[in-house]
Each structure stands twice: as C-alpha cells, then as structure tokens.
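Shown next, in structure tokens, is the structure this report addresses.
Protein chains: 2
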Amino acid sequence: MKTLKYSRQRESIKEFIAGRRDHPTADMVYTNIRRSYPNISLGTVYRNLSLLASLGEVQKISCGDGVERFDPNTESHYHFICRGCGCVQDIPMMPSGDLEAMATKVFEGSIESHTAMFYGLCRNCQGSGLVGNAGSDKKAET
Amino acid sequence: MKTLKYSRQRESIKEFIAGRRDHPTADMVYTNIRRSYPNISLGTVYRNLSLLASLGEVQKISCGDGVERFDPNTESHYHFICRGCGCVQDIPMMPSGDLEAMATKVFEGSIESHTAMFYGLCRNCQGSGLVGNAGSDKKAET
DNA sequence: AATAAAAACAGTATTTATTATTGTTTTTGG
DNA sequence: CCAAAAACAATAATAAATACTGTTTTTATT
Chain A
24 MKTLKYSRQR ESIKEFIAGR RDHPTADMVY TNIRRSYPNI SLGTVYRNLS
74 LLASLGEVQK ISCGDGVERF DPNTESHYHF ICRGCGCVQD IPMMPSGDLE
124 AMATKVFEGS IESHTAMFYG LCRNCQGSGL VGNAGSDKKA ET
Chain B
24 MKTLKYSRQR ESIKEFIAGR RDHPTADMVY TNIRRSYPNI SLGTVYRNLS
74 LLASLGEVQK ISCGDGVERF DPNTESHYHF ICRGCGCVQD IPMMPSGDLE
124 AMATKVFEGS IESHTAMFYG LCRNCQGSGL VGNAGSDKKA ET
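Read top to bottom, the protein sequences are chains A and B. Under my numbering, think of the first position of the first sequence as 24, with each following residue one higher. Under my numbering, think of the first position of the second sequence as 24, with each following residue one higher.
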C-alpha cells in the first residue's frame, strides 16, 4: 500500500511555506530551498507541493496570473492581487455564507464552495506614484 | 498612429464567442473557427482574443483550471466551475457591493473590483452518478 | 482604379509553467 | 542489517501562450 515516507526536502518545503505570508510560487520555493538543498530538483518541489496540497498541509491557489501559488493557511479565505506589483495578500475576513446562499438560490446545480479575488493597489503601490510600470515586470519577488 | 484595421478573422472570432454560453478557450475558438477559415493560425486567434479583450468586446476569465476562457458578457459577474465535467457557467446575480465594502474595511490597500468563483456540480453531473471520473478527462468540449 | 504604408496574416519557433520518465539514493519495516 | 518501496536528481516532454518573419489585406490618398 501507499506508505508515506519521510523526506527532508518535503519538510523543508513545508517549513518554508509556513514562514511566508506572500503566497510563493513553485519557482520561488525552488529558488529559496536551494540555499539549504543546492541539488534539489524542480520536479521534487512540484511533486512535494502537490503532495502537501493533497494532504491538506498547504493550500494551492490560482490567482489568474498564470502561476499557481501556495498558502500555509489551509482554511478557505479570500485573496487580493495588486495590479501594481502583482503581489498576493490575504483578505482577513470570513468567506460569506450569504453569498454562497444567494448563488445557490439562482443556480441550477449544487454549489459546494467558493472563492473570491479582489483587485486594486496594495499599500505599497498606493504610496509610490509609479504604478502601471515599476513592479509590473514581475520577476523581482524572491 | 494606431489605426485598427478590419479583419474578417477577428469579426468571425467575435461572432463565434457572441454565440456561445460556454466560455470557450482559445483552442476551442481555433478549432471551431477553422471550419470557416481553414488556414487561420492559432497565433491569430490569440492575438485577436487579447485585442478584443482589451477593446472591451469580450471578457477574459481565469477559472483556475489552467486555461484562459472568453465570455461575450463583458459585465462583471460571477462564475461557476463544475468539478465533474469542468464546464464553466455564469452565476446570474449581481456582484455583491456589500462583499467589496466589507473587504475594503478590513484591507489596508485600495480595492477596485472583485470576482468570485463557485464550485460544485452542474445540473448534468448531478444527475449522472459518474462524477470524479467521466468528463474529467476534459478534451471532449468543442 | 492605382498605389503604397500600415496592419494583419499564416506559418513557425520560442518561452514558460508544469508533468512525466529514468536510473540512483533514502527510508523503513521485518 | 537488508530489501522493497518511496523519494530523489536530472532530464525530457507537454501544453498554453507569445514572439518572429516574410507575405497578404486593408485603407487612405491619389
């Protein structure tokens, strides 16, 4: 049968995500974890990320920016994505049961869950007048 | 300057999407449009889809299934994605201003808009007991 | 209608994110 | 300690989307 074996790489990946509030991508995990495990393979990162996600130890989130992100908070919650720098943040509120109830009322199928994405400018980008430009090159995040 | 020139391919793409309620992907547009334009290039489809999206003639939506989809309804509205067959449908309700107001209250940045995705089983998949299996091979959609 | 510059095209190559394969190393129950 | 199973590193492969190149269409101006 399917016995899960220990791996220090997986532990390290889990630990890394747990210490992050910025919803890192697989590539960010890879780049960072390489400091401790210079030989780790990108495939290993991907495999362990899906494994952790299916074990319910991290949450995989799609923000519509073409990359999957990973969140140590496994509870269902809303997210925000900044149109300035592309950063992803949590929205600290409970998912609305009302919203789901309303949707259920008007939809001819069964609704089991929902997510929401909010768009706008993060606090940093609000201050600096250089939006639609700086930061939009992505890449900078580590 | 940037003068937009007519193209029958673009018209055809716009028309195709306008006649659809199933939020087709670029590839679905490509496959279908090839009946009328057998020589059309996939690049042309992608280029015109982004063009139409930035002109506000169609809406580009990311449902977290790894493909961009296109919607003739350019108004902001919620979507549903079926965990059985992967189909995407509209949720016929107004986006909640309350939800956005609540999020604004608890978030330290500016919120300009939001979207929501609902998950569950569509009417078809509800009936047929063959969920977590049939249909989940995707591909079938045309 | 003729024409020429700009835009759009088809065809193809490339990039990016992710998954699959393969042969080696690690883990762990007996 | 040992062997089966799982995980690994390295690499190849796939899928979605974008970029490039040389040709065809559109259209404003004659």
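Where is the CB? At the ideal position from N, CA and C, for every residue including glycine.
- For a Cβ distance threshold of 7 Å, residue set Met-125, Ala-126 and Val-129 of chain A lies close to Met-116 (chain B), ordered along the chain.
- In the structure shown, Val-129 (chain B) adopts helical secondary structure according to DSSP, grouped into three states.
- Counting only Cβ-Cβ distances below 7 Å, Gln-82 (chain B) has no contacts in chain A at all, with the closest Cβ about 12 Å away.
- Here the alpha carbons of Met-125 (chain A) and Leu-122 (chain B) stand approximately 12 Å from one another.
- Pairing Gly-109 (chain A) with Ile-84 (chain A), the inter-Cα distance amounts to about 14 Å.
- For Arg-146 (chain A), the nearest beta carbon of chain B is closer than 8 Å to its own beta carbon.
- Our two residues, Gln-82 (chain A) and Arg-44 (chain B), have alpha carbons roughly 31 Å apart in a direct line.
- Looking at the backbone, the Cα of Glu-98 (chain A) and that of Gly-66 (chain A) are separated by about 26 Å.
- It is roughly 15 Å from the alpha-carbon of Glu-38 (chain B) to the alpha-carbon of Arg-92 (chain B).
- For secondary structure counted as the alpha helix (DSSP H) over 4 or more consecutive residues, the stretch 35–122 of chain A holds these complete runs in sequence order: 49–56 and 65–77.
- Its Cα nearest to that of Ser-136 (chain B), the residue A:Gly-143 stands out among A:Gly-143, A:Glu-131 and A:Glu-135.
- The continuous alpha helix (DSSP H) containing Gly-150 (chain A) extends over residues 146–150.
- Only buried fits Leu-72 (chain A), as 16 or more other CB atoms lie within 10 angstroms of its CB.
- Gly-143 (chain B) has a beta carbon lying within less than 8 Å of a beta carbon in chain A.
- Residues of the stretch 94–108 of chain A whose Cβ lies closer than 9 Å to any Cβ of chain B, in chain order: Tyr-101, Phe-103, Cys-105 and Arg-106.
- Against His-137 (chain B), the close residues of chain A are Ala-139, Met-140, Phe-141 and Tyr-142, in the order they occur along the chain (beta-carbon pairs closer than 7 Å).
- For Leu-122 (chain B), the nearest beta carbon of chain A is closer than 8 Å to its own beta carbon.
- With a 10 Å radius around the Cβ and a threshold of 16 neighbouring Cβ atoms, Pro-115 (chain A) comes out exposed.
- When the five nearest sequence neighbours on each side are left out, the beta carbons in the same chain lying within less than 8 Å of the beta carbon of Ile-134 (chain B) are those of Glu-123, Ala-126 and Thr-127, in order along the chain.
- Taking C-alpha positions only, Tyr-101 (chain A) is separated from Ile-63 (chain A) by approximately 32 Å.
- Chain B has a Cβ within less than 8 Å of the Cβ of Gly-87 (chain A).
- Between the C-alpha atoms of Gln-112 (chain A) and Pro-47 (chain A) there is a straight-line separation of about 11 Å.
- Within 8 Å of the CB of Gly-152 (chain A), no CB atom of chain B is found; the nearest one sits about 14 Å away.
- With a cutoff of 8 Å on beta-carbon distance, Ala-41 (chain A) and Pro-95 (chain A) are scored as near each other.
- Exclusion of the five residues before and after Phe-103 (chain B) leaves Val-111, Gln-112, Asp-113, Ile-114, Met-140, Phe-141, Tyr-142, Gly-143 and Cys-145 as the residues of its chain whose Cβ lies within less than 8 Å of its Cβ.
- Counting only Cβ-Cβ distances below 7 Å, Gln-149 (chain A) has contacts in chain B at Gly-132 and Ser-133, in chain order.
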